[in-house]
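Numbering-wise, the sequence shown is residues -21 to -1, 1 to 313 according to mature numbering (1 follows the signal peptide of the UniProt record, and there is no 0). Everything below concerns the one structure shown next.
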Amino acid sequence: METKLGLAAALTLATALPALAEVNIYSYRQPELIQPLVDAFTAETGIEVNIAFLNQGLTERLLAEGTRTPADVILTADVQHLAEAVEAGVTQPVESDVLTANVPEGFRDPDNQWFGLTSRARIVYASRDRVRPGEITSYEDLVDPKWAGRICTRSGTHAYNTALTAAMIAHHGEDYTKEWLTGLKANLAMKPQGNDRAQVKSIWAGECDISLGNTYYMGEMLEDDEQRQWAEAVRIEFPAFEDGGTHVNISGVAMTAHAKHPEDALKFMEFLTSPEAQAIYAAANHEYPVSPTAAPSDLVASWGSFTPDNTDLMDLAGLRGTALKLVQEVDFDG
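Quick look at the structure:
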C-alpha cells in the first residue's frame, strides 16, 4: 500500500511539473548560420533549442512522423519549401500580434502559416573588367544577343532559378517566358552546372562575363581565402523586371502542426522577428532583414540598394510547377 501511494504521489508530482522548456527545430539552413540566434534566444529566455539539419525531404519527414514528430518549428531558405509544408498540412496557423507587427504583409503567409525572416535578391554578378557598370538593367535584357556566349548559370531546374522563371511568368505570361528561356539558353557560355559560386569562379577564370546568383554568396565568398579572389573579380548588379522590381526570395519560419512545445516555439518565432534577432540573422547570412526596423550589415549595405519586386510570394510558389515545365520543354540544361 505504501509503495502504491508513493508511486501515485510521484506521478501526481510529475504531472504537476511544467514541461521541459525547449524548442526542437528541423532546419534547411546550416546550423552555423542560426547558432548565433539560438545562443541569443537561450541566453534571453533560458529555453533550450535543439536543431536537426536536413539537406532535403523536410516535409516528407514530417508527414512520415505524423503526431510523433519531435519538431516544433521549421526553418527554410526558400518560400517554395514553406508553401510545400503548408500544402502538405504539416504546419499550423499562428496568431501573434508580435509577428504581424514585425513582419510586413508581403513577407508572411496571408493565413499566418509562415513568416519571413530575411530576404535575398536574385541578381547578376558582372565582371569588373569586361562589363560596364549599368550595362545590364533588366532580367529581360539577358536574352539580348550581345550576351551570346557570355552568361553562366546553375541548373535551370534549381529552386532559385525556377523561382525567377516563375516571376517572369507572373509578369509576362507563359509564352513570353518560354521564349525568354530559349533566348537565355542561347546566350549561355556553357551547359548549366555547379552552384552560384561556381559561376562567379567561371567569370574570374574568363569563361563567361555575367552570371545569375543570390546576393548572400558575395558575403560567403569574401569570407573564404580561396574564393575571395573570385568575389573581387565581380560586382553586383540589381536588374529588375521591366514592369516591376528586383526578384527576391526569403528565408522563413513556421510552427509544425504537431508541435509539442507550442508556447516555447511561439516565443522563438517572435524572437526571430525582433530587431535584435533580425540584425544577428541577416548579418550571419549576409541577407536583408524583412523587418523595416532592422538595418542590413555594413557589408550587405555596401552592395547598393534596389526596389524589391512586389509579386506575391505565394503566387510565385504556385507557379513553380509551370516554371519547371517550361524549363524542361526548352531543355534548358541540355
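Every residue gets a Cβ at the ideal spot worked out from N, C-alpha and C, and that includes glycine.
Per DSSP, what kind of secondary structure is residue i in: helix, strand or coil?
i           : result
D51         : coil
R99         : strand
N122        : The amino acid at residue 122 is misidentified as Asn; the sequence shows Val. V122: helix per DSSP, three-state reduction.
V309        : coil
S276        : coil
M169        : coil
I215        : strand
E205        : coil
T136        : coil
N81         : helix
F94         : strand
S106        : strand
G113        : coil
T70         : strand
R129        : coil
Q59         : helix
T(-7)       : At T(-7), the pLDDT of 39 sits below 50, so the modelled position is not reliable; the number obtained from the coordinates is stated separately. In this structure, T(-7) counts as helix in the three-state DSSP scheme.
G192        : strand
E158        : helix
residue 323 : Only positions -21 to 313 of the chain appear in the structure, and residue 323 is not among them; the question remains open.
D294        : helix
M(-21)      : A caution first: M(-21) carries a pLDDT of 37, below 50, which makes its placement in the model too unreliable to give a value.
Since residue i and residue j are thought to touch, with beta carbons under 8 Å apart, how far apart are those beta carbons, to the nearest angstrom?
i           : j    : result
A233        : P254 : With 8 Å as the limit, A233 and P254 do not qualify as a contact, their Cβ atoms being about 21 Å apart.
V179        : M200 : 7 Å
I189        : V110 : 6 Å
V227        : P287 : 5 Å
E1          : N29  : 6 Å
S276        : A262 : 4 Å
A105        : A256 : 33 Å between Cβ atoms; not a contact.
Y195        : E266 : 5 Å
Y260        : T97  : 6 Å
L305        : E63  : Not confirmed; about 20 Å, so no contact.
C7          : L54  : The sequence given here places Tyr at residue 7; Cys does not occur at that position. Correct: roughly 7 Å between the Cβ atoms.
G198        : D175 : No, G198 and D175 are not in contact; Cβ-Cβ is about 12 Å, not under 8 Å.
A212        : R107 : 6 Å
residue 358 : L61  : No information on residue 358 is available, as it lies outside the stretch -21 to 313 that the chain covers here.
T235        : V65  : 11 Å between Cβ atoms; not a contact.
T48         : A67  : Not a contact, Cβ separation roughly 12 Å.
What residue from the options has the CA that sits closest to residue i's CA?
i           : options                : result
D57         : D277, T48, S281, R99   : R99
residue 316 : D88, A184, G173, G224  : Given a span of -21 to 313 for the chain in the structure shown, any question on residue 316 remains unanswerable.
P271        : W183, T79, D123        : T79
I4          : A31, G25, T24          : A31
Y120        : G85, F86, L160         : Note on residue identity: the sequence assigns Asp, not Tyr, to residue 120. Nearest option by C-alpha distance: L160.
E44         : S281, N289, H237       : H237
R101        : T144, A67, P124        : T144
P134        : I13, V69, A177         : The displayed chain sequence assigns Ser, not Pro, to residue 134. Minimum Cα distance to S134 is reached at A177.
D51         : L245, V306, R299       : L245
F285        : L292, D291, T116, D204 : T116
P124        : K164, Y155, E186, T156 : K164
E186        : A168, E205, G198, T48  : A168
P112        : A302, W282, P83        : W282
Q59         : I229, D312, V279       : I229
M293        : D88, H240, V122        : D88
E171        : V17, G162, G313, G85   : Checking the displayed sequence, the identity of residue 171 turns out to be Pro instead of Glu. Closest by alpha carbon: G313.
V309        : W209, K157, L278       : K157
T46         : H240, S181, V279, L33  : H240
F311        : V82, G162, T21, G85    : G162
T290        : F86, V82, E205, P49    : F86
A210        : T21, I182, T235        : I182
V122        : Q206, N166, L303       : N166
Q35         : E114, D203, Q9         : Q9
Check whether the Cβ of residue i lies closer than 9 Å to any Cβ atom in chain B.
i   : result
D90 : Absent from the structure is chain B; it holds one protein chain and no more.
Those runs of the alpha helix (DSSP H) which lie wholly inside the region 3 to 42 and span at least 4 residues: 10 to 24
- prompt: Does the pairing of the region 136 to 145 with the region 248 to 263 give three or more beta-carbon distances under 8 Å?
  reply: no
- prompt: Which runs of the alpha helix (DSSP H) spanning at least 4 residues fall entirely within the region 215 to 274, listed in chain order?
  reply: 241 to 251, 254 to 264
- prompt: Can we say the region 128 to 137 touches the region 211 to 225, given the rule of at least three CB pairs closer than 8 Å?
  reply: Because the criterion of three Cβ pairs below 8 Å is not met, the region 128 to 137 and the region 211 to 225 do not touch.
- prompt: Would you call the region 65 to 73 and the region 81 to 95 touching, i.e. three or more CB-CB distances under 8 Å?
  reply: yes
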